[in-house]
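Asks: Before we start, here is the structure in question, set down as structure tokens.
Numbering (my numbering), first residue to last: 12 to 111.
Right, here's the structure in full:
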């Protein structure tokens, strides 16, 4: 009986440590996402997508996070700051789904 209690306490502590580790990793991943998205926009990803968007005769569906948002920017439906924030949010949600 005492042995079982000790094991249960040990397991609970291990689970807390794992949860804390995941939380810290997620915080670091979120920082990296913010840095990467900012880096992409500083290095003219808009112009790269603009080349794709305006040079393709038949509009193909490209499934990547933020492509549709940036295309809406070209159609004057969104402003750039909202797009950047939405891309960060969608990327964080995707990462969270993949981890959990």
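All C-beta atoms in this analysis are idealised placements derived from N, C-alpha and C, irrespective of residue type, glycine included.
#1: Would residue 60 and residue 78 be called neighbours here (beta carbons separated by less than 8 Å)?
#2: Along the alpha helix (DSSP H) that carries residue 55, what are the first and last residues, could you check?
#3: Given a threshold of 16 other Cβ atoms within 10 Å of its Cβ, counted over all protein chains shown, does residue 84 qualify as buried or as exposed?
#4: Just reading off the alpha helix (DSSP H) that residue 83 is part of, what are its end residues?
#5: When you compare each of 44, 40 and 37 to residue 99 by their alpha carbons, which one comes out closest?
Replies: Straight from the coordinates:
#1: Inclusion of residue 60 and residue 78 in the CB contact set at 8 Å is warranted, their separation being smaller than that value.
#2: Residue 55 -> no alpha helix (DSSP H), and no H or E assigned at all.
#3: Buried is the call here.
#4: 78-85 is the span of the alpha helix (DSSP H), which, as asked, contains residue 83.
#5: 44
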